[in-house]
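Participant: Chains as they are written, first to last, in my numbering: chain A, 32 to 249; chain B, 481 to 924.
Note that the Cβ used here is the ideal one computed from N, Cα and C, for glycine as well.
What you are looking at is a predicted structure, and each value in this text was computed from that prediction instead of being measured.
Can you read through this structure? Questions will come right after.
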Amino acid sequence: MTYDESTLAQLTKDAAEIQSRYPVPRSALLPMLHLVQSVDGFVSPDGIQFCADQLGLTAAEVSAVATFYTQYKRRPNGEYQVGVCTNTLCAIMGGDEIWRRVSERCGVGHDETTPDGKISLERIECNAACDYAPVMMVNWEFFDNMTPEKALQLVDDILDGKAIRPTRGADKVVTFKEMSRVLAGFEDGRADEDQGAGAATLAGVEVARSQGWKGAGT
Amino acid sequence: MTKLTPVLSATWGLEKSWTFDTYAKNGGYEAAAKALKTDPADIVQAVKDSGLRGRGGAGFPTGMKWGFLPPPDGGPRYLVVNADESEPGTCKDIPTMLNAPHTLIEGVIITSYAIGCNHAFIYLRGEVLHVYRRLLKAVAEARANGWLGTDIKGSGFDLEITVHAGAGAYICGEETALLDSLEGRRGQPRLKPPFPAVAGLYARPTVVNNVESIASVPSIIGKGVEWFTSMGTEKSKGMGLFSLSGHVNRPGQYEAPLGVTLRELLEMAGGMRDGRRLKFWTPGGSSTPLFTDEHLDTPLDYESVGAAGSMLGTRAIQIFDESTCVVRAVERWTEFYKHESCGKCTPCREGTYWLTQILHRLEAGRGTEADIQQLLDTCDSILGRSFCALGDGATSSITSSIKLFREEYERHVHEGGCPFPRSASALFDYDDTPADAHAVEAHA
Numbered sequence: 032m033t034y035d036e037s038t039l040a041q042l043t044k045d046a047a048e049i050q051s052r053y054p055v056p057r058s059a060l061l062p063m064l065h066l067v068q069s070v071d072g073f074v075s076p077d078g079i080q081f082c083a084d085q086l087g088l089t090a091a092e093v094s095a096v097a098t099f100y101t102q103y104k105r106r107p108n109g110e111y112q113v114g115v116c117t118n119t120l121c122a123i124m125g126g127d128e129i130w131r132r133v134s135e136r137c138g139v140g141h142d143e144t145t146p147d148g149k150i151s152l153e154r155i156e157c158n159a160a161c162d163y164a165p166v167m168m169v170n171w172e173f174f175d176n177m178t179p180e181k182a183l184q185l186v187d188d189i190l191d192g193k194a195i196r197p198t199r200g201a202d203k204v205v206t207f208k209e210m211s212r213v214l215a216g217f218e219d220g221r222a223d224e225d226q227g228a229g230a231a232t233l234a235g236v237e238v239a240r241s242q243g244w245k246g247a248g249t
Numbered sequence: 481m482t483k484l485t486p487v488l489s490a491t492w493g494l495e496k497s498w499t500f501d502t503y504a505k506n507g508g509y510e511a512a513a514k515a516l517k518t519d520p521a522d523i524v525q526a527v528k529d530s531g532l533r534g535r536g537g538a539g540f541p542t543g544m545k546w547g548f549l550p551p552p553d554g555g556p557r558y559l560v561v562n563a564d565e566s567e568p569g570t571c572k573d574i575p576t577m578l579n580a581p582h583t584l585i586e587g588v589i590i591t592s593y594a595i596g597c598n599h600a601f602i603y604l605r606g607e608v609l610h611v612y613r614r615l616l617k618a619v620a621e622a623r624a625n626g627w628l629g630t631d632i633k634g635s636g637f638d639l640e641i642t643v644h645a646g647a648g649a650y651i652c653g654e655e656t657a658l659l660d661s662l663e664g665r666r667g668q669p670r671l672k673p674p675f676p677a678v679a680g681l682y683a684r685p686t687v688v689n690n691v692e693s694i695a696s697v698p699s700i701i702g703k704g705v706e707w708f709t710s711m712g713t714e715k716s717k718g719m720g721l722f723s724l725s726g727h728v729n730r731p732g733q734y735e736a737p738l739g740v741t742l743r744e745l746l747e748m749a750g751g752m753r754d755g756r757r758l759k760f761w762t763p764g765g766s767s768t769p770l771f772t773d774e775h776l777d778t779p780l781d782y783e784s785v786g787a788a789g790s791m792l793g794t795r796a797i798q799i800f801d802e803s804t805c806v807v808r809a810v811e812r813w814t815e816f817y818k819h820e821s822c823g824k825c826t827p828c829r830e831g832t833y834w835l836t837q838i839l840h841r842l843e844a845g846r847g848t849e850a851d852i853q854q855l856l857d858t859c860d861s862i863l864g865r866s867f868c869a870l871g872d873g874a875t876s877s878i879t880s881s882i883k884l885f886r887e888e889y890e891r892h893v894h895e896g897g898c899p900f901p902r903s904a905s906a907l908f909d910y911d912d913t914p915a916d917a918h919a920v921e922a923h924a
């Protein structure tokens with residue numbers, strides 16, 4: 032392994048914290064792989080060996096798990112994971128065209144990264160926001176009701192190094208590494224940041240309010 | 481006219497709705513307080529009596545599932561919440577956890593107490609960062625307010641909750657694949673039996689329930705079984721979130737008694753966009769056979785939807801108007817199942833691959849009449865022949881769409897390609913004549 036002493040010490044401390052959440056150590060593997068990505072920006076050979084050492088597994092056993100899940104990246108990932116939903120509903124509502132334009136602007140295709148390392152582009156599957164279709168995700172924050180124009184502006188802002196703000200989520204999209212640390216279970220203090228619940232989320236609540244429907248037994 | 485019944489969604493629009501303070505000010509944790517003074521067996525019985533059925537798709541009675549746990553043997557028993565919401569069209573658990581995570585936490589506390597669990601897990605898909613933040617914070621707040629830890633509120637009951645983020649795999653929404661994933665393995669389904677109730681997480685007795693099922697528990701305990709059963713139909717009790725998406729004027733979450741109809745929901749949602757005609761819809765996500773405008777008055781409860789040839793599923797209602805090509809829609813869903821097949825069972829792994837090939841050919845105008853029959857034959861070879869229902873789900877849209885729209889498949893053959901302009905079904909105008917505009921599938 033090539034981690035320097037302080038990096039390894041921090042990783043080891045964090046890995047122990049992760050393991051403490053589970054009654055059986057191996058359950059820590061998925062968050063630990065997120066942890067490795069928070070340091071290396073992908074699941075590196077060093078990271079695989081680190082997880083294996085922590086959990087008493089072989090590197091092959093860890094690799095077998097890491098390669099199963101799409102969020103674990105096998106090559107250095109871009110600073111921003113940009114996903115365009117092209118599952119049926121979003122695709123039909125315009126996601127296919129958004130994908131085409133975004134891919135053209137970035138000059139890369141699915142599962143590829145721009146040469147400057149800013150954007151890794153991905154055609155994503157349904158991300159549970161169909162009521163906001165067409166949907167994009169950047170580092171797994173929601174960008175709802177997208178159009179080609181909004182999508183290209185978003186990509187340009189990322190490429191220009193500007194801070195970007197999701198439509199539902201934190202005040203700004205954090206980097207891939209910062210996101211990975213949260214996914215490893217380490218809070219970043221942004222839970223109370225909010226852009227509003229969203230019109231579609233509140234659609235039924237609004238109808239009930241305007242009709243004076245207060246629910247059963249009232 | 482059926483009226484909406486916001487229960488889970490009642491607090492979503494409030495200031496800082498996700499915080500402990502807002503939740504507690506609006507009656508939150510009163511049900512948990514009541515539960516901790518009740519005999520656990522009475523809570524299980526109340527949930528049985530309520531008729532609550534699993535809100536994750538299968539509709540299995542929740543209380544009965546709890547009742548399948550073997551008697552305590554002194555070892556650990558687990559509650560695992562399935563928060564891996566990934567079924568195309570399904571978008572109800574994410575807003576629940578984003579806007580009212582404490583509803584779920586309170587449900588976990590009551591359920592764990594009822595089944596004798598001291599360590600519960602919430603398995604959240606990894607692709608929803610802010611939801612994970614909110615859940616982590618909600619657990620921390622619950623702990624700070626004495627609702628987690630040891631001897632909760634002097635009851636002698638201990639509970640820890642671990643919120644676990646997945647890493648991108650639809651199959652982990654299948655309960656046994658979820659358990660394997662939570663154990664740090666590839667998320668592949670297990671052969672059943674044994675069922676999780678007997679040998680689940682770490683081979684211990686385990687209850688796996690969907691987010692909405694568990695989030696419904698506090699209201700049942702707090703407001704009572706009679707209140708819950710006053711909503712819904714004879715065998716489908718209570719309220720549920722109906723998620724409308726697609727070509728409708730006001731898509732979104734509509735919480736209504738089971739048995740509401742799409743005609744009623746559409747009226748609340750402002751009707752179809754531009755007054756166009758409804759062509760087809762999924763009653764419960766992409767794994768449920770398609771419905772058409774002939775089913776506008778079908779009561780959306782488990783029995784009625786089943787009798788009409790589909791499944792209530794997750795009440796994920798994806799609505800497509802007459803501008804949409806059904807072959808294109810089905811092709812894309814099939815690509816999804818091919819992508820998400822875990823590869824364990826041959827019929828699903830190979831079958832979804834070949835279905836995709838055939839559908840590509842048809843949509844691109846290179847198909848033949850025989851391809852349509854081949855799709856049905858391949859579906860026959862998949863349905864019911866694998867460990868889990870992923871492959872079965874893949875066949876639903878294919879077989880139902882051929883039954884309902886066979887002539888549209890034939891038009892693809894006879895007219896040398898898709899007869900629908902793609903831009904017509906999008907929400908914005910664009911020029912879909914460039915050569916590469918239809919070529920996106922090649923990347924998939």
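Please name the residue, chosen from A:Glu36, A:Met32, A:Phe81, that lies closest to Ala47 (chain A) on a Cα-to-Cα basis.
Facilitator: Cα-wise, what sits closest to Ala47 (chain A) is A:Phe81.
Participant: Start and end of the alpha helix (DSSP H) containing Thr836 (chain B)?
Facilitator: First-last of the alpha helix (DSSP H) with Thr836 (chain B): 826 to 843.
Participant: Which residues in chain B have a C-beta closer than 8 Å to the C-beta of Gln85 (chain A)? List them in chain order.
Facilitator: Those do not exist, as Gln85 (chain A) stays about 11 Å from chain B at its closest Cβ, beyond 8 Å.
Participant: Just to confirm, are Arg841 (chain B) and Ile123 (chain A) a CB contact at a threshold of 9 Å?
Facilitator: No.
Participant: Please decide whether His582 (chain B) counts as near chain A, where near means a Cβ-Cβ distance under 9 Å.
Facilitator: With 9 Å as the cut-off, His582 (chain B) does not count as an interface residue toward chain A.
Participant: Who are the Cβ neighbours of Tyr163 (chain A) in its own chain at under 6 Å, not counting the five residues just before and after it?
Facilitator: Closer than 6 Å at Cβ, skipping near neighbours: Asp175, Asn176, Ala231.
Participant: From the DSSP output, in three-state form, read off Val728 (chain B) for me.
Facilitator: Looking at Val728 (chain B) - three-state DSSP - the assignment turns out to be strand.
Participant: Asn118 (chain A) touches chain B at which residues, Cβ-Cβ below 7 Å?
Facilitator: Simply Pro568, Arg812, Phe816.
Participant: Taking DSSP's pairing of strands, which residues face Arg533 (chain B) in a bridge?
Facilitator: For Arg533 (chain B), which the question treats as bridged, DSSP gives the partners B:Pro541.
Participant: Could you compute how far the alpha carbon of Thr542 (chain B) sits from the alpha carbon of Asn689 (chain B)?
Facilitator: Computed Cα separation, rounded: 8 Å.
Participant: Contact defined as beta carbons within less than 8 Å: I believe Leu60 (chain A) pairs with Leu86 (chain A). What is the distance between those atoms, to the nearest angstrom?
Facilitator: Yes, Leu60 (chain A) and Leu86 (chain A) are in contact; Cβ-Cβ is about 6 Å, under 8 Å.
Participant: When Cβ atoms are compared, which residues of the stretch 47 to 78 of chain A fall closer than 9 Å to chain B?
Facilitator: Hits within the stretch, in order: Arg52, Tyr53, Pro54, Val55, Pro56, Arg57, Ser58, Ala59, Leu60, Leu61, Pro62, Met63, Leu64, His65.
Participant: Are three or more beta carbon pairs between the stretch 778 to 786 of chain B and the stretch 829 to 843 of chain B nearer than 8 Å?
Facilitator: Not touching, per the Cβ criterion.
Participant: Are any of the Cβ atoms in chain B nearer than 9 Å to that of Tyr100 (chain A)?
Facilitator: By this cut-off, Tyr100 (chain A) is an interface position.
Participant: Tell me which residue opens and which closes the beta strand (DSSP E) that Met168 (chain A) is part of.
Facilitator: Where Met168 (chain A) is concerned, the enclosing beta strand (DSSP E) stretches over 167 to 169.
Participant: Considering just the uninterrupted stretch of the alpha helix (DSSP H) at Ala228 (chain A), what are its terminal residues?
Facilitator: No alpha helix (DSSP H) holds Ala228 (chain A); DSSP gives it neither H nor E.
Participant: Let's test the definition: count the other Cβ atoms within 10 Å of the Cβ of Ala796 (chain B) and tell me whether it reaches 16, buried, or not, exposed.
Facilitator: Buried, since its Cβ has 16 or more Cβ neighbours within 10 Å.
Participant: Along the stretch 698 to 714 of chain B, what residues have a CB closer than 9 Å to any CB found in chain A?
Facilitator: Those would be Lys703, Gly704, Glu706, Trp707, Phe708, Ser710, Met711, in chain order.
Participant: Which residues mark the beginning and the end of the beta strand (DSSP E) in which Lys496 (chain B) is found?
Facilitator: Neither: Lys496 (chain B) is in no beta strand (DSSP E) and is coded neither H nor E.
Participant: Starting from Lys181 (chain A), trace the alpha helix (DSSP H) both ways and give me its first and last residue.
Facilitator: 179 to 190 is the span of the alpha helix (DSSP H), which, as asked, contains Lys181 (chain A).
Participant: Among the residues of its own chain, which have a CB less than 7 Å from the CB of Trp130 (chain A), if the five just before and after it don't count?
Facilitator: Excluding residues within five positions, the ones whose Cβ falls inside 7 Å are Val115, Thr117, Arg154.
Participant: Among residues of its own chain, excluding the 5 on either side of Gly653 (chain B), which ones have a beta-carbon nearer than 6 Å to its beta-carbon?
Facilitator: Only Asp564, Ser566 meet the Cβ criterion.
Participant: For the stretch 75 to 100 of chain A, list the alpha helix (DSSP H) runs that are entirely contained and at least 4 residues long, ordered along the chain.
Facilitator: Here the runs fully enclosed are 76 to 86, 90 to 97.
Participant: How many Å lie between Ala736 (chain B) and Pro779 (chain B) at the Cα?
Facilitator: Taking the straight line joining both Cα atoms gives about 12 Å.
Participant: Just the C-alpha distance for Ser58 (chain A) and Glu774 (chain B), rounded to the nearest angstrom, thanks.
Facilitator: If I take the Cα positions, the gap works out to 48 Å.
Participant: Would you report the Cα separation of Ala922 (chain B) and Gly629 (chain B), rounded to the nearest angstrom?
Facilitator: Its pLDDT being 43, under 50, Ala922 (chain B) is placed unreliably in this model, and the coordinates cannot settle the point.
Participant: Does any residue of chain A have a CB that is nearer than 9 Å to the CB of Gln733 (chain B)?
Facilitator: Chain A contact via Cβ: present.
Participant: Scan the stretch 670 to 722 of chain B and note each continuous alpha helix (DSSP H) run of 4 residues or more that stays entirely inside, going in chain order.
Facilitator: Runs found: 691 to 703, 705 to 709.
Participant: I need the boundaries of the beta strand (DSSP E) containing Gly72 (chain A), first residue and last residue.
Facilitator: No beta strand (DSSP E) contains Gly72 (chain A), which DSSP labels as neither H nor E.
Participant: Secondary structure at Asp638 (chain B), three-state DSSP: helix, strand or coil?
Facilitator: Coil.
Participant: Just the Cα atoms here: how many angstroms apart are Ala924 (chain B) and Asp631 (chain B)?
Facilitator: Note that Ala924 (chain B) has pLDDT 40, beneath the 50 cutoff, so the model's placement of it is unreliable and no number is given.
Participant: Between the Cα of Thr145 (chain A) and those of A:Pro107, A:Lys181, A:Val96, spot the shortest distance and give me the residue it belongs to.
Facilitator: Residue A:Pro107 is the option with its Cα nearest to Thr145 (chain A).
Participant: Determine the extent of the beta strand (DSSP E) in which Lys759 (chain B) is found, giving its start and end residues.
Facilitator: It spans 758 to 762 - the beta strand (DSSP E) in which Lys759 (chain B) sits, taken as one unbroken run.
Participant: So, helix, strand or coil for Ala563 (chain B), using DSSP?
Facilitator: Looking at Ala563 (chain B) - three-state DSSP - the assignment turns out to be strand.
Participant: Would the C-beta of Ile694 (chain B) count as close to the ligand SAH, meaning under 8 Å from any of its heavy atoms?
Facilitator: Of the ligands one can find in the structure shown there are none, so the ligand SAH has no counterpart to examine.
Participant: Determine which residues of the stretch 176 to 200 of chain A have a Cβ less than 9 Å from any Cβ of chain B, and write them out in chain order.
Facilitator: If the cut-off is 9 Å between Cβ atoms, the stretch 176 to 200 of chain A has Asn176, Thr178, Pro179, Glu180, Pro197, Arg199, Gly200 near chain B.
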